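Residue 39 in this note's numbering sits at position 39 of the sequence shown, and the numbers go up by one each step.
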Amino acid sequence: MAQRQPVTGETPEPMSDVTYNLSTTLSSLGKGAHILETYIEDAKKANDAGAANVLCQVRDSLLCEADRVRRFIGVETSNGKF
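Take a look at the structure:
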């Protein structure tokens, strides 16, 4: 179980598995969208509009899902769950 970084003088609190999973999911989605930028550029350089289009759609989907996870984390944080 991961631990939240303590404020000076506090004892570390364990991070729940759910919090960790949501955080790593958000990070992974962002990393995936970022690397797809390189793949999109590669497809454009190869004059492969079809591949570039598919990769753009996948990137946009990842960004949409990342935003959904981010919003969920925001709501849960506002409700004191995180």
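No residue lacks a Cβ here, since even glycine has one placed at the ideal position from N, Cα and C. On a predicted model such as this, the values are computed, not experimentally measured, just so you know.
query = Can you name, in chain order, every residue of its own chain whose Cβ lies under 8 Å from the Cβ of Arg68, other than the five neighbours on each side?
reply = Within the same chain, Arg68 has no close Cβ partners at all.
message = In the DSSP assignment, the alpha helix (DSSP H) including Thr24 goes from what residue to what residue?
response = Under the DSSP assignment, Thr24 falls in the alpha helix (DSSP H) whose first and last residues are 17 to 45.
inquiry  = Am I right that Ala43 and Leu62 are in contact with their C-beta atoms under 8 Å? What's the rounded C-beta distance?
reply    = A Cβ-Cβ separation of about 16 Å leaves Ala43 out of contact with Leu62 under the 8 Å criterion.
task = Locate the alpha helix (DSSP H) running through Thr77, then write down its first and last residues.
result = Note, Thr77: alpha helix (DSSP H), 49 to 78.
request  = Mind the definition here: the region 10 to 26 touches the region 69 to 80 only if three or more C-beta pairs lie below 8 Å; say whether that holds.
outcome  = The region 10 to 26 is in contact with the region 69 to 80.
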